[in-house]
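In what follows, a structure is listed as structure tokens, so that the remarks can point back to it.
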Amino acid sequence: MSEYQCISCQQAQQLLSNNATLFDIRDTGSFENGHPSQAKNLNNDNIQQLLTGIDKDQNLLILCYHGNSSKSAAQYISSLGFTAVASIDGGFEAWQSLFPEDIEATK
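Going by my numbering, the sequence shown runs without a break in its numbering and finishes at 118.
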């Protein structure tokens, strides 16, 4: 069984400052209405494209709505051979509460 970690929003921020990649797995509309500034929207249609070329040891951070769905996504990405995958506890709700200045919209 592939492993992933569950980390806090604060731990995720520290990893982002060290070149981690942040994937937001919420639906496109929610992502466009507001997301962490460094996040890329990851979904079933673009997962192959976004993961292609990423080093298997790169820190990959997964964000969802509340921190539940991201666990399944992190498990799946880990099963593809990525070794440094983390689900962010509390999801976007916690991120927005802790870092409101980091939220941007693309709509």
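No residue lacks a Cβ here, since even glycine has one placed at the ideal position from N, Cα and C. It should be emphasised that the depicted structure is a prediction, and the values quoted were computed from it without experimental measurement.
Does the ligand SAH have even one heavy atom less than 7 Å from the beta-carbon of residue i?
| i | result |
| --- | --- |
| L109 | For the ligand SAH, the structure offers nothing, since it holds no ligand at all. |
Let me know the secondary structure DSSP gives residue i once reduced to three states.
| i | result |
| --- | --- |
| L91 | coil |
| E104 | helix |
| A116 | coil |
| T31 | The question names Thr, but residue 31 in the sequence shown is Ala. Note: A31 maps to coil in three-state DSSP. |
| N52 | strand |
Based on DSSP bridge pairs, tell me the residues matched to residue i.
| i | result |
| --- | --- |
| C17 | S98 |
| F110 | Per DSSP, none; premise fails for F110. |
The beta strand (DSSP E) that contains residue i, what's its start and end?
| i | result |
| --- | --- |
| L72 | 71 to 74 |
Alpha helix (DSSP H) containing residue i: first to last residue?
| i | result |
| --- | --- |
| T39 | 39 to 44 |
| I58 | 58 to 62 |
If you drop the 5 nearest sequence neighbours on each side, which residues of the same chain put their C-beta closer than 8 Å to that of residue i?
| i | result |
| --- | --- |
| K67 | G92, F93, T94 |
| S84 | At residue 84 the sequence reads Ala, which differs from the Ser that was named. For A84, where only same-chain residues beyond five positions count, the Cβ hits under 8 Å are F34, I36, L53, I73, C75, S98. |
| N79 | G102 |
Looking only at its chain, what residues have a beta carbon closer than 6 Å to the beta carbon of residue i, apart from the 5 residues adjacent to it on each side?
| i | result |
| --- | --- |
| Q107 | I114 |
| H46 | D35 |
Between which residues of its own chain and residue i is the CB-CB distance below 7 Å, once the five residues before and five after are set aside?
| i | result |
| --- | --- |
| S81 | I36, I73, L74, C75, S98, I99, G102 |
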